[in-house]
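Asks: Numbering (this note's numbering), first residue to last: 49 to 400. For each residue, glycine too, the CB sits at the ideal point set by N, CA and C. None of the values given here were measured: they were computed from a predicted structure.
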Ligand code: SF4
Ligand code: SF4
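1) Starting from the N-terminal side, write out each stretch of the alpha helix (DSSP H) that is 4 residues or longer and does not extend beyond the stretch 231-292.
2) Answer yes or no: do residue 265 and residue 231 have a C-beta to C-beta separation smaller than 8 Å?
3) Does DSSP put residue 167 in a helix, a strand or coil?
4) Does the beta-carbon of residue 204, which I'm using as the reference point, lie nearer than 7 Å to any heavy atom of ligand 2?
5) Can the beta-carbon of residue 14 be found less than 8 Å from the beta-carbon of residue 158?
6) Is there contact here, the stretch 295-309 with the stretch 263-282, by at least three beta-carbon pairs under 8 Å?
7) Closer than 7 Å is what we want: which residues have a beta carbon that near any heavy atom of ligand 1? List them in chain order.
8) Let me confirm a value: residue 219 is counted as buried when at least 16 other C-beta atoms fall within 10 Å, else exposed. Which label applies?
9) Thinking residue 142 and residue 224 are a contact (beta carbons under 8 Å), I'd like their distance in whole angstroms, please.
10) Please find out if some non-hydrogen atom of ligand 2 comes closer than 7 Å to the beta-carbon of residue 242.
11) Where do the N-terminal and C-terminal ends of the beta strand (DSSP E) with residue 94 fall, by residue?
12) Rounding to the nearest angstrom, what Cα-Cα distance links residue 332 and residue 339 in this structure?
13) Is the distance from the Cβ of residue 198 to the Cβ of residue 233 below 8 Å?
14) Any beta carbon of chain B sitting closer than 8 Å to that of residue 62?
15) Around the C-beta of residue 56, are 16 or more other C-beta atoms found within 10 angstroms, so that it is buried, or is it exposed?
16) Do you know offhand how far residue 166's Cα is from residue 308's?
17) Using a 10 Å radius around the Cβ and a threshold of 16 neighbouring Cβ atoms, would you call residue 312 buried or exposed?
18) CB residue 172 to CB residue 185, shorter than 8 Å?
19) Hey, quick one: how far does the beta strand (DSSP E) through residue 158 stretch, first residue to last?
20) Throw me the rounded Cβ distance for the residue 75 and residue 250 pair, which I believe falls under 8 Å.
21) Any heavy atom of ligand 2 closer than 7 Å to the Cβ of residue 333?
22) So residue 120 packs on residue 79, CB below 8 Å; how close in whole Å?
23) Taking all protein chains shown into account, decide if residue 140 is buried (16 or more other Cβ within 10 angstroms of its Cβ) or exposed.
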């Protein structure tokens, strides 16, 4: 039975684990030991979301989901899985865990926070006949947490519910709860390994992992899809698919791989079976703060020039300041200028 995993080995394991390795399976014994020794409890709340992040976690195939939730994560409450509901859930399974463990529990939030009409667009229970808005629950519980783990792009950055016109005035959790450490694990949905690995880190080391400018754990979000894409040779040779079924780089049908920080190229999805671009779909950069505020299946209309395409998240953040069109930059822009991307010569001539 393993008893110790150094932080360095843990980071290496998470960053380097590929499709062939079950990260949750490998970490399970260490986490079970930590939970048995009294690791902090975890509460999971859901707001304006599609529940896709929970479904993604439920896709963890080894160990089975019961093992992950009960022994591996020390999860005390989850809105879809816990038996408790109504008052029982709100008072006993949420507020009580927070009261009994001041600054000694971790809060997972899935979904963004509707703030319009004092939060009344998203009710999660009632107290003495009065509704409890999700916004209030996140403020009450989040402010007492040791750290908040935002699972999914909605809670991390606003995501789909916060997309204009945003009638419910949805906001990311970081806009609602201040002065509490926040870890963003984006994705629409996030890969199960990203969620299990991040929880494992906080439970095993009682500390948050190294983060990038956007609060994402570097062990999962440091690399750019474009750098390791199997279609990269097509890009380098200016061979671009015009339709989904064609071979070629998918840039012209909307691929955002050059700005997407994600390790799906090696981790793969669905238990190591496939991933977005390998299945023929362009990367939609679901892990980025601006998602989904761009044309999903169209080439980015404009691209700032300046930073290298392989810039780290920190560098990209510094250069573009989180603007909506953050940049298929550098050599990509060069390709546009030199005519490698865009209408082919014949098409241009036909336009005249
Ligand atoms: S633009 Fe997309 S499809 Fe093309 S090489 Fe980069 S990541 Fe791959
Ligand atoms: S490859 Fe792109 S679309 Fe797929 S999970 Fe990563 S960031 Fe999201």
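Replies: Well, looking at it:
1) Counting only runs that start and end inside the stretch 231-292, the alpha helix (DSSP H) elements of at least 4 residues fall at 240-253, 266-269, 280-284.
2) In this structure, residue 265 places its C-beta atom within 8 Å of the C-beta atom of residue 231.
3) The three-state secondary structure of residue 167, taken from DSSP, is helix.
4) No, ligand 2 has no heavy atom inside 7 Å of this Cβ.
5) This structure does not reach residue 14, given that the chain is present from 49 up to 400, and the question cannot be answered.
6) These segments touch.
7) Ordered along the chain, the selected set is 273, 274, 277, 279, 280, 282, 283, 297, 298, 299, 303, 305, 306, 325, 330, 331.
8) With at least 16 other beta carbons inside 10 angstroms of its own, residue 219 counts as buried.
9) At roughly 16 Å, the Cβ-Cβ gap does not stay under 8 Å, so residue 142 and residue 224 are not in contact.
10) Not one heavy atom of ligand 2 is found less than 7 Å from the C-beta of residue 242.
11) Per DSSP, residue 94 belongs to the beta strand (DSSP E) from 90-94.
12) Their Cα atoms are separated by approximately 8 Å.
13) Going by C-beta atoms, residue 198 is nearer than 8 Å to residue 233.
14) Looking at the structure shown, chain B is missing, and only one protein chain is on hand.
15) Its Cβ having fewer than 16 others within 10 Å, residue 56 is exposed.
16) So the alpha carbons of these two residues sit roughly 34 Å apart.
17) Buried.
18) Residue 185 sits close to residue 172, with the two beta carbons spaced by under 8 Å.
19) Boundaries of the beta strand (DSSP E) harbouring residue 158: 154-158, taken from the DSSP string.
20) About 12 Å separates the beta carbons of residue 75 and residue 250, which is beyond the 8 Å limit, so they are not a contact pair.
21) Yes, the Cβ of residue 333 comes within 7 Å of a heavy atom of ligand 2.
22) For a cut-off of 8 Å, the C-beta gap from residue 120 to residue 79 is around 4 Å, short enough to register as a contact.
23) Exposed, by the Cβ-count rule.
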